[in-house]
Amino acid sequence: MATIHVDGRPFEVDERHNLLQACLSLGLDLPYFCWHPALGSVGACRQCAVIQYRDADDDRGSLVMACMTPAAEGTRIAVEAPEARDFRRGVIEWLMVNHPHDCPVCEEGGHCHLQDMTVMTGHARRHYRFTKRTHRNQYLGPFLGHEMNRCISCYRCVRFYRDHAGGEDLGVFGANDNLYFGRHREGVLESPFAGNLSEVCPTGVFTDRPPDGRYTRRWDLQFAPSVCHQCAVGCNISPGERYGELRRVENRYHGEINRYFLCDRGRYGYGYVNRADRPRLPEWREARGEAAMTLEVDAALDRGADRLRGARRVIGVGSPRASLESNHRLHELVGAEHFCLGVTRAAADGLATMARLQRQSGLPSPSLRDIESHDAVLVLGEDPLNSAARLGLALRQAVLGRREELAAARGVPAWNAQAVQTLAQDRRHPLFVAYPAATGLDGLAEATWRLAPADIARLGAAVAHALDPTAPAVEGLEEELAEAAATIASGLGAAERPLVVSGDALASTAVLEAAGSVARALARRAKPGGLSLIRAEANATGVALLGGRPLEWALDEIEAGRADALVVLENDLHARLPHARLDHALARLTSLVVLDHQRTATWARADLGLPAASFAEGDGTLVNLEGRAQRFFQVFEPSFLRPETRIRESWRWLHALQGAIRRRRPEDTRLDAETRDCARHHPALAAITEAAAPADHRVQGLRLARAPHRYSGRTALRAHLGVAEPRPPADPDSPFAFSMEGYAGRRWPRRDIAFAWAPGWNSPQAWNKFTDEVGGHLRAGDPGVRLLDPVPGAYAYAHAPVLLSPFVRRDGEWLLVVLPRLFGGEETSRRAPLIAERASAPVLALAPEDAEAMGLAEGATLELVTAAGRVRLPLSCRAGLARGLVGVPAGVAPGLATGQWGRLRPVTPRRTP
Amino acid sequence: MPETPSLPTLLATDGDGFVLDPEDLEAMRAERDHYEQPQAACIEALKIVQRRHGWVPDGAIPAVASALGLGVAEVEGVATFYSLIFRRPVGRHVILLCDSSSCFLCGFDALRAAVEERLAIGFGETTADGRFTLLPVCCLGACDGAPALMIDDDTFGPVAAGELDDLLEAYP
Amino acid sequence: MSAAVYHSRLRQSAEERRAETHPLTWRLREDGELVGLAEYLDKDGYGAVREALAGDPEAVIATMKTANVRGRGGAGFSAGTKWGLTLTGGDLPRGYLVCNADEMEPGTFKDRLLMEQLPHLLIEGMILAGFANRSRQGYVFLRGEYRRAARALGQAIDEAREAGWLGGDIGGSGFDFDIALHTGAGRYICGEETALINSLEGRRANPRAKPPFPGQSGAWGKPTVVNNVETLCNVPGVLRHGADWYQGLSGGLSEDGGTKLFGVSGRVARPGLWELPMGTPAAELLDRAGGLAGGRDLKAWLPGGASTGFLLPEHLALALDFDTIGRAGSRLGTGLMTVVPDDQPMPALLRNLETFFARESCGWCTPCREGLPWTVRLLEALERGEGEPGDLERLESLARDLGPGRTFCAHAPGAAMPLESALTHFREEFEAGIARPAPRPVGEEG
Ligand SMILES: Cc1cc2nc3c(=O)[nH]c(=O)nc-3n(C[C@H](O)[C@H](O)[C@H](O)COP(=O)(O)O)c2cc1C
Ligand code: SF4
Ligand code: FES
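Residue numbers (full-length UniProt numbering), protein chains in the order written: chain A, 1 to 913; chain B, 1 to 172; chain C, 1 to 446.
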């Protein structure tokens, strides 16, 4: 710590910070543009000028940029000195010289950092009287609009896009005052993190393209603290609603997870919530194949209860994308013996293995923030940028972390972004990637291996053995793999904090066990490393902690006549199982009850369909891949604007259904009761009640506001329905009010923050007002509670991989690998129009050598046939794909699963030689 | 010579059907060897393209990027920064007219007017016959010969308006 | 009659240029042609290298510090001091020596002469500087328009390498050093040393923040020394004849030693270049240039390029050296004087100067990127007589806010210097550009 003097007052600050960081961390207002807490300082915009004095006797001082000046012990500065204020006002005025002043029609208006800073500096009158320069804009894809005339040339976009996120297709062109930030030519921005530009850009150059052209000012949105449901990383988000629709998803700061950035699947994947075809009323089908009729709630519950009461045996199918509370209530409804996890056997085995390894490999599961501080990374059988993109971005920072180390050795502070980059050049921490195909991280890697899953597992086991000779050796290891293992082992062994990343992308417990063995070997060398295990779905970690059987078991039971009723929770079984067998089994049921917020293929076969709340309409708890339980809160009450809807959280439906079956008097439940009940029944989940504040939490006696103070037009929201203005809906489940009434400030710290706003700070930069220091943690602590910490003990190495035989190519047969896809590979976001537009057309991938050998040309239509299903897709020759494998994109062919063998048949004529 | 780290193999790729001339590719490779990082050859690579085509066509940007293992936007950022890299077609000969202070003091305005009248183009324009492009340039370091200008590789100064016809004659 | 192909030349006779007094130019040929390796060797070429490489780098730095050769790129920072601050030795990587041959400062045409006619002197200076700084490689960053200099340097580098002055184990000293020629592609900002390094690395020529200074982290993060052509050309003489000799060269005219390539351009009778003692009075230089052309009187002069402040006729008595000119409120800069005759309207000249700076701004920092074009617009308005009340005050505040410490590099402060001084010395001329409302006939309603 260092003492600095700001405007004559002494403050304790972190001496590793620059003065801008220090001032903002103290809660002082100092305007800035080019600096960003995650991107460091470059001193370009000159907005953060202050006066620095040599010593106590110096009364003139000199102007310096706060962002480029270390907060060294004894530093004396004045933020309020007239010279500094005048200069800052001048800077804003220059920035506005060419700015179009189009705030009324600008999508950024109301959450614009440029507006905030203009007000903060007091620039209110324009003196420039000459013509402005203008630019043409570009089409940049479905997510972002582009309006270059609003640019203030702070260079943040390129610094985020290229330096931080590794994108290559956004640049700065031209020189002097004729600068252009855009693509080399029009087209879709390639980076999966491009959407962050809408928050990184301090003005309205890059803005979210309003869905369906319907746009709402930020102050007119209703928010809630939520958790992204589009993968298992569990990024915190603030979804914003107006007129019963989500209009925007903003990043919600979490000091251990996403901090300032989201991936584009999370930011733009919410569109399924707004789908017009969503079920909003219970639906009842008298007989299979008949059109469904809608029912009122009581009727639906009665009929459902009748059916289930009459069934011989009811199986409950849980869901890795539904909340713990909903899964738990289903678990209670059917009983543990009859609860199915809702995933295939391979997936369930993977989930169980991961949960075990997280506790019993000796290495903890790092948060994303932690990940960034590791200094060597092995990615074993995963493609993080596709299956957990935000984690992939953290891995990138880990590998680049070497920069800061090298800079520190030469006395260059970590915030001096360009100096740090210059000093490090391309020296990075080692990253090793073993995966069947190329991954987006390969460009950063010291070495990559493209291997079949079995060989990836053998490689991992060999690494463990190389690190610790007591780990079982891999028999018959090829020389090439032995060398690879030695390279990886020496890289991990030399590191202070090695990290192993694996997951269920390849649906191989052998791969997972191998990753666990490497972790164990590292733990035995007393390395403070980490083991990060990726699950594909938002609550896969959580549902696995409840325990349950796999889907195949449920099918077996039905087929054997041991079960005749199925309650399916938020799960499209048709996206997981081969349709033939599934439909055959479903046909044997006497009752199929489906709860979902999407009209899935499974919903279409239900006898009774109950309209479930999406994450935006309900509350619940998810457990992310790190093992952190996090609560998401209802954003809006759907019946407020559509009184006819009967959407309820699944846990609420199931609770009511349970009551109806037992013929109890209908009584409602509360989220807190459900959470408590879940915690009580499952020791592994005992801590989840701590994940967020309970419903009776009040700040200074107030509820928490879901909408900003300036929320407007509330009285008119329902004007089309009637002149009477009803009270805002009550919320029995959370401390939040469905209105702007309530606490939204920052004076009394709280963990659950619906939206960030502070006086004078309307943009996402306001998050800096809620953290203990910029880029740090929320002042009240980061939300959530960790459940899966290592349990001390001596754990034996897994032997499974040792027994594995190497992958052997087959003649005429191909080993399937289902390749995760960020856009289009996930069940719900796939249904969002923006994601559908962004997703690339699905293809079957073959190694070019294999395609060549078969005489197949790029683009030829191929049919892939396995015992479990078939799919017809164009061929894509994928350089680097391991030979003998065929890659199938996730989300196109249920039933096709990694590990199956298939035959390929060209549907179009072969290429003539 | 600094040791050069391992590099992606130099590839001539095709952007808009643009293909790097093998000789040019060879020249870029040679250039690259002068530096610690291949990016340092970027400006020279663009100049190599420009020597062959007179300017840097759009398709050359991805081609140079892949030849040096750089991002396309990075190369375009460099190409558009420097004033002597032309991202639009130019005439067969480029006239660089010094507009800096000493020349300004010694008759730049008159010389500019004469050139513009003689060629019927202004700064940034190319004659209809594609023969000349006229551009301003920073001080040519020929201030004791002001007003000065360059045509292609040759510097002239002082240039009197009356001498223009003869001067331009030499550049068909 | 066809216009003359431009050739750089020195306006001093061979008799005047003696080895003892004109270390930079005594070897130049009367015919202005290139001095090749053989001729250079005949004229004591590479003698300093032979001597210095037998000793150790510290000794070279020590001599340079004592001689106090001040940087000829414009800032006048002592080369010896700069070298002394460069990180070398230990387990540090060997860095780079970069010769700044970007010469683009309006009114400056000195480095061109040295490179076109005497490239071996520069190469010798670079070898010595490289040795002192334990550099592994030298680069000459040459502006793209200097085609003749490029040919001369290319040829000289080849000759030197062939003769063993460059490459491995130079002169049996065990020191390895080579030089590569890097030609630029335009943009004045490339002359700023950190922008130059970015440009050398193939990037956009935005300057870098200091600290860290290039001597700590320069090209590719390695310790890097950047020196001007003329600075480096001074090194062989200093090492051959010693710091005292160098100090004596200025003959008591200045506290600084050595000679300087001075020049005059603008509206003078005989514009040109001279090697004269540091501290030569400006009046003498103007005399050598034959005074003003066409019988005009002197209105103002820029002592060393567009980024220096205007001085007046009364300042002609001043000694041309860094400190004296600095004390007069301007900068010596490159030491090549630009002469403004009394018939030149200042708003137009300022418009020309500021247009140059606005166009050549790299676009990185706000004051420079946005403030300079605004300055130009205001000057244009004043030049046309369309100025408005308050414009002068705005220009003054722009000049202040473009000053040192307020912008990212010294480019904008360079633009502010002539502006500020012109507004001070010639205020009425600018005021005259402010449009006055036409006097209203008596009796008419407003
Ligand atoms: C905008 C700008 C342009 C410059 N241009 C040149 C130049 O063309 N040549 C040069 O030697 N120095 C130039 N300099 C000065 C260099 O930054 C640097 O100080 C110099 O090369 C150091 O060499 P010296 O110490 O030998 O003078 C320029 C500085 C600025 C701010
Ligand atoms: S460079 Fe800019 S934002 Fe940036 S903070 Fe500093 S001057 Fe400051
Ligand atoms: S000012 Fe024109 S050549 Fe120098």
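Glycine included, every Cβ here is placed at the ideal spot set by N, Cα and C.
Counting only Cβ pairs nearer than 8 Å, list the residues of chain B close to Gln247(C).
Here residue 247(C) is taken as the residue at index 247 of the third sequence, counted from 1. Simply none; closest approach about 30 Å.
Pro611(A) - DSSP class collapsed to helix/strand/coil
Numbered from its first residue, the first sequence carries residue 611(A) at position 611. Strand at Pro611(A).
Residue from Thr645(A), Pro364(A), His127(A) and Asp29(A) whose Cα sits closest to the Cα of Met117(A):
The residue labelled residue 117(A) in the question sits at position 117 within the first sequence. With respect to the C-alpha of Met117(A), the residue from Thr645(A), Pro364(A), His127(A) and Asp29(A) having the closest C-alpha is Asp29(A).
Can you name the residues of chain A whose CB is closer than 8 Å to the CB of Ala435(C)?
Here residue 435(C) refers to the residue found at position 435 of the third sequence. Within chain A, no C-beta atom comes nearer than 8 Å to that of Ala435(C); the closest sits roughly 13 Å away.
Counting only Cβ-Cβ distances shorter than 7 Å, please list the residues of the region 104-127 of chain B near chain A, keeping chain order.
The region 104-127 of chain B vs chain A, Cβ under 7 Å: nothing.
Restricting to Cα atoms, I'd like to know which of Gly529(A), Ile77(A), Arg183(A) and His135(A) is closest to Cys157(A).
On the first sequence, position 157 is the one that residue 157(A) refers to. Arg183(A) is the residue among Gly529(A), Ile77(A), Arg183(A) and His135(A) whose C-alpha sits nearest the C-alpha of Cys157(A).
Taking a contact to mean a Cβ-Cβ separation below 9 Å, would you say Arg830(A) touches Gly891(A) in this structure?
In the first sequence, counting from the first residue as 1, residue 830(A) sits at position 830. In the first sequence, counting from the first residue as 1, residue 891(A) sits at position 891. Yes. Within cutoff.
Suppose contacts are defined by Cβ-Cβ distances below 9 Å. Is Val818(A) in contact with Thr898(A) by that definition?
For the purposes of this step, residue 818(A) is identified with residue 818 of the first sequence, where counting begins at 1. For the purposes of this step, residue 898(A) is identified with residue 898 of the first sequence, where counting begins at 1. In this structure, Thr898(A) lies closer than 9 Å to Val818(A) by Cβ.
Distance, Glu103(C) Cα to Asp111(C) Cα
Counting from 1 along the third sequence, the entry for residue 111(C) is found at position 111. Counting from 1 along the third sequence, the entry for residue 103(C) is found at position 103. A straight-line Cα-Cα distance of about 7 Å links Asp111(C) and Glu103(C).
Residues within the region 169-192 of chain A neighbouring chain C, beta-carbon criterion of under 8 Å:
So the close ones are Val172, Gly174, Ala175, Asn176, Asp177, Asn178 and Leu179.
Taking just the CA atoms, how far does Val511(A) sit from Met354(A)?
The sequence position of residue 354(A) within the first sequence is 354, counting from 1. The sequence position of residue 511(A) within the first sequence is 511, counting from 1. Between Met354(A) and Val511(A), the C-alpha separation is close to 11 Å.
Pull up the CB-CB distance for Leu181(C) and Gly154(C), whole angstroms please, since I reckon it's below 8 Å.
By 1-based counting over the third sequence, the position of residue 181(C) is 181. By 1-based counting over the third sequence, the position of residue 154(C) is 154. With 8 Å as the limit, Leu181(C) and Gly154(C) qualify as a contact, their Cβ atoms being about 6 Å apart.
Sequence-distant residues of the same chain with beta carbon closer than 6 Å to Ala65(B), five excluded per side:
Here residue 65(B) corresponds to residue number 65 of the second sequence, with the count starting at 1. Counting only Cβ-Cβ distances below 6 Å, and skipping sequence neighbours, we find Val72 and Val75.
Verify whether the separation of the beta carbon atoms of Gly609(A) and Trp284(A) is less than 9 Å.
Position 609 of the first sequence, counting from 1, holds the residue named residue 609(A). Position 284 of the first sequence, counting from 1, holds the residue named residue 284(A). Contact: yes.
In DSSP terms, what Phe177(C) is bridged to:
Indexing the third sequence from 1 puts residue 177(C) at position 177. The partner list for Phe177(C) (beta bridge, DSSP) reads Gly167(C).
Measure the C-alpha to C-alpha separation of Arg303(A) and Ala336(A) and round it to an integer number of angstroms.
Here the question's residue 303(A) lines up with position 303 in the first sequence. Here the question's residue 336(A) lines up with position 336 in the first sequence. In this structure, the straight-line span from the alpha carbon of Arg303(A) to that of Ala336(A) is close to 24 Å.
Strictly under 9 Å for the Cβ-Cβ distance: is Asp111(C) near chain B by that measure?
For the purposes of this step, residue 111(C) is taken as the residue at position 111 of the third sequence. Chain B, which has a Cβ nearer than 9 Å to the Cβ of Asp111(C), makes this yes.
9 Å Cβ cutoff met for Phe104(B) and Tyr6(C)
Within the second sequence, numbered from 1, the residue matching residue 104(B) stands at position 104. Within the third sequence, numbered from 1, the residue matching residue 6(C) stands at position 6. No, they are not a contact pair.
Based on DSSP bridge pairs, tell me the residues matched to Thr224(C).
Your numbering for residue 224(C) matches position 224 in the third sequence. Answer by DSSP bridge pairing, in chain order: Tyr96(C).
Are the region 834-845 of chain A and the region 534-549 of chain A touching by the rule of at least three beta carbon pairs closer than 8 Å?
The region 834-845 of chain A, when compared against the region 534-549 of chain A, does not touch it at the 8 Å Cβ threshold.
Residue nearest to Leu246(A) in terms of C-alpha spacing, selected from Ala867(A), Leu816(A), Val635(A) and Phe640(A):
Start at 1 with the first residue of the first sequence, and residue 246(A) comes out as number 246. Comparing Cα-Cα distances from Leu246(A) to each of Ala867(A), Leu816(A), Val635(A) and Phe640(A), the minimum goes to Val635(A).
Is the region 291-304 of chain C touching the region 28-38 of chain C, taking contact as three or more C-beta pairs under 8 Å?
Flag = no, the region 291-304 of chain C and the region 28-38 of chain C do not touch.
Consider the Cβ of Leu164(B): report whether some Cβ of chain A lies at a distance smaller than 9 Å.
By 1-based counting over the second sequence, the position of residue 164(B) is 164. Answer no: the Cβ-Cβ gap between Leu164(B) and chain A never drops below 9 Å.
Is any non-hydrogen atom of ligand 1 found closer than 8 Å to the C-beta of Phe77(C), if you look at the structure I gave you?
Counting from 1 along the third sequence, the entry for residue 77(C) is found at position 77. Residue side-chain check: Phe77(C) places its Cβ nearer than 8 Å to a non-hydrogen atom of ligand 1.
Within the 9 Å Cβ cut-off, does Gln418(A) reach chain C?
As a first step, residue 418(A) must be located in the first sequence, where it is residue number 418. Gln418(A) counts as touching chain C.
What runs of the beta strand (DSSP E), each 3 residues or longer, lie entirely inside the region 27-64 of chain C?
You should have found no qualifying run.
Members of the region 365-383 of chain C near chain A, C-beta cut-off 7 Å:
Within the region 365-383 of chain C, the qualifying residues are Cys365, Thr366, Pro367, Arg369, Glu370, Gly371, Pro373, Trp374 and Arg377.
Heavy atom of ligand 1 less than 8 Å from the Cβ of Thr231(C), yes or no?
In the third sequence, counting from the first residue as 1, residue 231(C) sits at position 231. Answer for Thr231(C): yes, Cβ within range of ligand 1.
Residue range of the beta strand (DSSP E) that Val594(A) falls in?
Position 594 of the first sequence, counting from 1, holds the residue named residue 594(A). Per DSSP, the unbroken beta strand (DSSP E) holding Val594(A) starts and ends at Ser591 to Asp596.
Output yes or no for whether 9 Å exceeds the beta carbon distance between Val238(C) and Asn100(C).
On the third sequence, position 238 is the one that residue 238(C) refers to. On the third sequence, position 100 is the one that residue 100(C) refers to. No, the pair does not count as a contact, with Cβ atoms beyond the cut-off.
Answer yes if the region 320-339 of chain A comes into contact with the region 561-570 of chain A, meaning at least three C-beta pairs across the two stretches below 8 Å, and no otherwise.
Taking 8 Å as the limit for Cβ pairs, the verdict is that the region 320-339 of chain A does touch the region 561-570 of chain A.
Please classify Ala435(C): does DSSP put it in a helix, a strand, or coil?
Mapped onto the third sequence, residue 435(C) falls at position 435. Here Ala435(C) sits in coil by DSSP.
What residues in its chain sit with their C-beta under 8 Å from that of Arg359(A), if we drop five residues either side in the sequence?
Translated into the one-based positions of the first sequence, residue 359(A) becomes position 359. Leaving aside the five residues that flank Arg359(A) on each side, the residues in its chain whose CB is nearer than 8 Å to its CB run, in chain order, Leu788, Asp789, Pro790 and Val791.
Determine which residues share a DSSP beta bridge with His655(A) and list them.
Position 655 of the first sequence, counting from 1, holds the residue named residue 655(A). DSSP, once it has assigned bridges, lists no residue as partnering His655(A).
Is His709(A) buried or exposed, if buried means 16 or more other CB atoms sit within 10 Å of its CB?
On the first sequence, position 709 is the one that residue 709(A) refers to. Using a 10 angstroms sphere on the CB of His709(A), the tally of other CB atoms stays under 16, which defines it as exposed.
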